[in-house]
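Visitor: Numbering (full-length UniProt numbering), first residue to last: 1 to 898.
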DNA sequence: TTGCTTCAACATTCTTTGCACCCT
DNA sequence: AAGGGTGCTTTGAATGTTGAAGCA
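What follows is the structure, given as structure tokens:
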């Protein structure tokens, strides 16, 4: 176990480093910008200032970016390295000068002052824009962080389902509050005493218990009745679930920014050192005396098991139910018995197969499940380490680091006087310090509204039904709630809309919705399976069937909630500033329409902003030129007038420049860009191909922007030399223009293949195949001929060489050099005599003969020595296909395998 | 102090159908 | 001499994005 922990630690370390580096990269822009701005200064100052002025802010991020990421070339050019080198160069120069004349040094100094023409203040500001790469990496970090937090939320949620935790909570609960589990018509008001009790008994702490899995962290928080806001919110959810209330664990996913160069400050976090430090130091509270003196028996037992067995939390669950019976309170024992002992059987009734993560060890796991669990574990460890670390850091100055953002007065429904405890130090009259609203619970109250409602319950801050306050609280922390996700049944659902009143403000800060929706899709199903209509998994059979019956004629909770959130989206209040309308999903101002946008129909006016009429976004239509619509496979209906006309940008055509002024006013009106809207279009109606003739445009070609643009009855053949093939077969064809290439400021058409009548397609393809085969054959022949030519050349040279050797070296006793390529007389003579008639086939034949001769005889008499080529001295080079045969005397022959 | 507007600077997108000259 | 390859005058305006300044 220890080793496993170590391994896990290293893994999480690695993960943290990796993501940290990514973050550093994402944040690099800001820091590097500063760096550059600073380091430009000394460069312009010449050598006078040697040390670059280091900005006072030496953040870890910057440090990291310097260390972990290779310097980019631009940085190297103007960065400190360059400065140092410059200095060194200068110094060398200086030394040289010293060597020549000792007095120059001072001159040199003064010269540098002369160079320093521009004072620091007048240095033009260099604002480095974020590059596409920076944006991409920021988005990547954003997504990864989002997934990590999502995974963490799921783990917390599964911990809330833990029957031991639930049972222990119930064991603490006063008997009168247990009645809540029997309430069928639940209202938010009915929850007040329960929340109040929870608030009084569980308190926020600023330090951490160390790195613990959610199950253990919750158990620990339960035991000591204090914990992080996250743990307490989770405990409240566990309590609701223990009481058979349908509830969710809701969390704001406080992710790193989507766009680079935005400093990421985790909500309510004292310092931001990385995306993992999302700790949430809260209002420091004195640990209150427990009103209920008895401790959780089950946890004492469990701790015992833990120490004696050293097993995982999961394994202990099996023995837990028997322990529950030892509870002294009979009612509690009954409830426990009911809720906990039902647990093993509940999986039978449970609709959601994954709702009991705790039992997974007993089920055969699929490979994907195992992998997913591992990923979850990793995500958990990573986030747990990060947060705990920051908590440890903030632990020292717990009071000072406690939540300090001013907050608007929030709804405190019950026990406001008691909750305004002395430990809440207010800095302003009328303001209350509240904990960071990162985590809370949602309980489904069937008697709220007509159809029932998910009620926001922040047990930590004692806020009930304060959904409209969350945004203000988050805003008070100078953060925005971009993602609010509700977790239940191992699933998750984005409920940001419920808490966000100004969606247009956060929409741009969220990741692209397609990706996010696809991530959430499977989780949504799990979530709605656990909460939508069907009462929670621990509910008994009767209630479950009742709910099922209800579901058969009542929309599910999930779908009702979807409608609710959708309605919120559609009834968002009008923004008060004009800029907000620029990309607002619901509303538009004519002022902010782009060149190619138009209001159609122009109305209804839904309001006014600074005197400008506000129209629904649905009225905004895109207009395009005829050509652009053509590219989309649409054409403008006949007799349609342009919906909008734009003045053609003045592009004076070189030679006519001087004449342009004369008839500018007259031509302009004629050459306006005519734009048409979608409502003025019809499907493309191109002339049909008749009698094998392809209808062409005035340039004798067919513009193939897409398949839609092909005249009916024609096909686009893209194979090379198609035009030649068609021409040879005397088939009518037209070059296919597929687009433009922009070079030197001009557009050049790009042609690819041809357009022919469909009936010729097969013929042409066949002809092309034949052609291709023929070309291949020709190429092969050409290659072979070339090979033979080279062989002939080689053999000729060898023969010549041999002749020269025979003639002039006969009398000499010199040895044949090792690397001289030799060949026996038979071969050479054969090659020579055959080379004369230049018959390629016979040459080839002789080559083969030569090859076999070499293979079989392998004995070439040279003078007294007869070469013997033994097999073991052979070597074959696969690249050149050359076989090298060697004689013991050192003589070698290379043979090419044909 | 905060939020909004305006402006400037830079980045990105859209634009959209040759020709003269040289070499083989 | 014909035909293929290569390189020009290396656009430029509109729009989108971001930061800074000014103002209420």
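Ideal placement from N, C-alpha and C gives every residue a C-beta, glycine not left out.
1. In chain order, what residues of the same chain have a beta carbon less than 8 Å from the beta carbon of residue 754, not counting five sequence neighbours either side?
2. With which residues is residue 703 paired in a DSSP beta bridge?
3. Tell me, which residues are paired with residue 747 by DSSP?
4. In whole angstroms, what separates the C-alpha of residue 165 from that of residue 485?
5. Can you give me the C-alpha to C-alpha distance between residue 693 and residue 681, rounded to a whole angstrom?
6. Taking only the alpha-carbon atoms, compute the straight-line gap between residue 248 and residue 618 and give it to the nearest angstrom.
7. Can you name the start and end residues of the beta strand (DSSP E) that residue 499 belongs to?
8. Below 8 Å between beta carbons: does that hold for residue 520 and residue 596?
9. Hey, out of 447, 530, 253 and 890, whose CA is closest to residue 246's CA?
10. Roughly how many whole angstroms lie between the Cα atoms of residue 167 and residue 220?
11. Which residue marks the beginning of the alpha helix (DSSP H) containing residue 886, and which one marks its end?
12. In this structure, does DSSP put residue 640 in helix, strand or coil?
13. Where do the ends of the alpha helix (DSSP H) carrying residue 237 lie?
14. Buried or exposed: which applies to residue 215, given that a residue is buried once 16 or more other Cβ atoms fall within 10 Å of its Cβ?
15. Ordered along the chain, which non-local residues of its own chain (more than five positions away) have a Cβ less than 8 Å from that of residue 578?
16. From residue 779 to residue 769, what distance separates their C-alpha atoms?
17. Span of the alpha helix (DSSP H) holding residue 454?
18. Quick one: give me the first and last residue of the alpha helix (DSSP H) that residue 675 is part of.
19. By a C-beta neighbour count over all protein chains shown, 10 Å radius and 16 as the cutoff for buried, is residue 549 buried or exposed?
20. From the DSSP secondary-structure annotation, give me the bridge partner or partners of residue 896.
21. Helix or strand or just coil, what does DSSP make of residue 529?
22. Beta-carbon within less than 7 Å of residue 700's beta-carbon, same chain only, minus the 5 sequence neighbours each way: which residues are those?
23. Apply the 10 Å Cβ neighbour rule to residue 461 and answer buried if 16 or more other Cβ atoms are within range, or exposed otherwise.
24. Is there contact here, the region 226 to 244 with the region 489 to 499, by at least three beta-carbon pairs under 8 Å?
25. What's the gap between the Cα of residue 899 and the Cα of residue 762?
26. Alpha carbon to alpha carbon, what distance is there between residue 870 and residue 798?
27. Write down the C-beta distance between residue 191 and residue 457 rounded to the nearest angstrom, noting that I regard them as a contact closer than 8 Å.
28. Run through the region 459 to 493 for me and flag every whole beta strand (DSSP E) of 3 or more residues, listed as ranges in chain order.
29. Counting Cβ pairs, one atom from each stretch, are 3 or more of them under 8 Å apart for the region 151 to 160 and the region 229 to 240?
30. With distance defined between alpha-carbon atoms, name the residue in 745, 772 and 690 nearest to residue 756.
31. Pull up the distance between the alpha-carbon of residue 391 and that of residue 205, whole angstroms please.
32. Tell me the DSSP secondary structure of residue 447 in three-state form.
33. Can you round the beta-carbon distance between residue 497 and residue 568 to whole angstroms, since I take them to be within the 8 Å contact cut?
34. Where in the region 553 to 595 do unbroken runs of the alpha helix (DSSP H), each at least 4 residues long, occur, reported from the N-terminal end onward?
35. In whole angstroms, what separates the C-alpha of residue 606 from that of residue 622?
36. Which first and last residues belong to the alpha helix (DSSP H) in which residue 168 is found?
Guide: Concretely, from the data shown:
1. Your numbering for residue 754 matches position 754 in the first chain. So the list reads 716, 717, 722, 723, 726, 733, 734, 735 and 736, once near-sequence residues are dropped.
2. Residue mapping note: residue 703 aligns to position 703 of the first chain, counting from 1. According to DSSP, which records beta bridges pairwise, residue 703 is partnered with 737.
3. Here residue 747 corresponds to residue number 747 of the first chain, with the count starting at 1. Partner(s): 742.
4. Looking up residue 165 in the first chain gives position 165. Looking up residue 485 in the first chain gives position 485. Taking the straight line from one Cα to the other gives about 23 Å.
5. In the first chain, counting from the first residue as 1, residue 693 sits at position 693. In the first chain, counting from the first residue as 1, residue 681 sits at position 681. Rounded to the nearest angstrom, the two C-alpha atoms are 28 Å apart.
6. Indexing the first chain from 1 puts residue 248 at position 248. Indexing the first chain from 1 puts residue 618 at position 618. Roughly 35 Å between the two C-alpha positions.
7. Numbered from 1 along the first chain, position 499 holds the residue referred to as residue 499. That residue, residue 499, is in no beta strand (DSSP E); its alpha helix (DSSP H) goes 496 to 499.
8. Working through the first chain from its first residue, we reach residue 520 at position 520. Working through the first chain from its first residue, we reach residue 596 at position 596. For residue 520 and residue 596, no; Cβs fall outside 8 Å.
9. The residue you call residue 246 lines up with position 246 of the first chain. Comparing Cα-Cα distances from residue 246 to each of 447, 530, 253 and 890, the minimum goes to 530.
10. Along the first chain, one-based indexing puts residue 167 at 167. Along the first chain, one-based indexing puts residue 220 at 220. Taking the straight line joining both Cα atoms gives about 14 Å.
11. On the first chain, position 886 is the one that residue 886 refers to. No alpha helix (DSSP H) contains residue 886, which is instead part of the beta strand (DSSP E) from 882 to 886.
12. As a first step, residue 640 must be located in the first chain, where it is residue number 640. Residue state, collapsed to three classes: coil.
13. The residue given as residue 237 occupies position 237 in the first chain. Looking at the DSSP string, the run of the alpha helix (DSSP H) that includes residue 237 is 229 to 242.
14. For the purposes of this step, residue 215 is taken as residue 215 along the first chain, with counting starting at 1. Burial call: buried.
15. Sequence index remark: in the first chain, residue 578 carries index 578 (1-based). Only 589, 591, 592, 609, 610 and 612 meet the Cβ criterion.
16. Residue 779 sits at position 779 when you count from the first residue of the first chain. Residue 769 sits at position 769 when you count from the first residue of the first chain. Roughly 15 Å separates the two Cα atoms.
17. The sequence position of residue 454 within the first chain is 454, counting from 1. Per DSSP, residue 454 belongs to no alpha helix (DSSP H); it is in the beta strand (DSSP E), 453 to 458.
18. Reading the first chain from its first residue, position 675 is the one you call residue 675. Counting along the chain, residue 675 falls outside any alpha helix (DSSP H), though it belongs to the beta strand (DSSP E) covering 673 to 675.
19. Residue mapping note: residue 549 aligns to position 549 of the first chain, counting from 1. Confidence in residue 549 is poor, its pLDDT being 46 and thus under 50, which makes the residue's placement unreliable; the coordinate value appears in the next sentence. When all chains shown are included, residue 549 counts as exposed.
20. Looking up residue 896 in the first chain gives position 896. The partner list for residue 896 (beta bridge, DSSP) reads 882.
21. Here residue 529 corresponds to residue number 529 of the first chain, with the count starting at 1. Helix, per DSSP.
22. Translated into positions along the first chain, residue 700 becomes position 700. Excluding sequence neighbours, residue 700 sits near 734.
23. Here the question's residue 461 lines up with position 461 in the first chain. That one is buried.
24. no
25. Since the first residue of the chain shown is 1 and the last is 898, residue 899 is not available in this structure.
26. Translated into positions along the first chain, residue 798 becomes position 798. Translated into positions along the first chain, residue 870 becomes position 870. Cα to Cα, residue 798 sits roughly 23 Å from residue 870.
27. The sequence position of residue 191 within the first chain is 191, counting from 1. The sequence position of residue 457 within the first chain is 457, counting from 1. Yes, they are in contact, since the Cβ atoms of residue 191 and residue 457 sit about 7 Å apart, within 8 Å.
28. 484 to 488
29. yes
30. Walking along the first chain from the start, residue 756 turns up at place 756. Of the listed residues, the one whose Cα sits closest to residue 756 is 690.
31. Along the first chain, one-based indexing puts residue 391 at 391. Along the first chain, one-based indexing puts residue 205 at 205. Residue placement at residue 391 is flagged as unreliable, the pLDDT there being 38, under the threshold of 50; a coordinate-derived value is accordingly withheld.
32. Reading the first chain from its first residue, position 447 is the one you call residue 447. Correct three-state label for residue 447: coil.
33. In the first chain, the residue the question calls residue 497 occupies position 497. In the first chain, the residue the question calls residue 568 occupies position 568. With a Cβ gap of about 5 Å, residue 497 and residue 568 count as contacting.
34. 557 to 570
35. Here the question's residue 606 lines up with position 606 in the first chain. Here the question's residue 622 lines up with position 622 in the first chain. Near 21 Å, if we compare the C-alpha coordinates of residue 622 and residue 606.
36. Position 168 of the first chain holds residue 168. Residue 168 -> alpha helix (DSSP H) spans 163 to 172.
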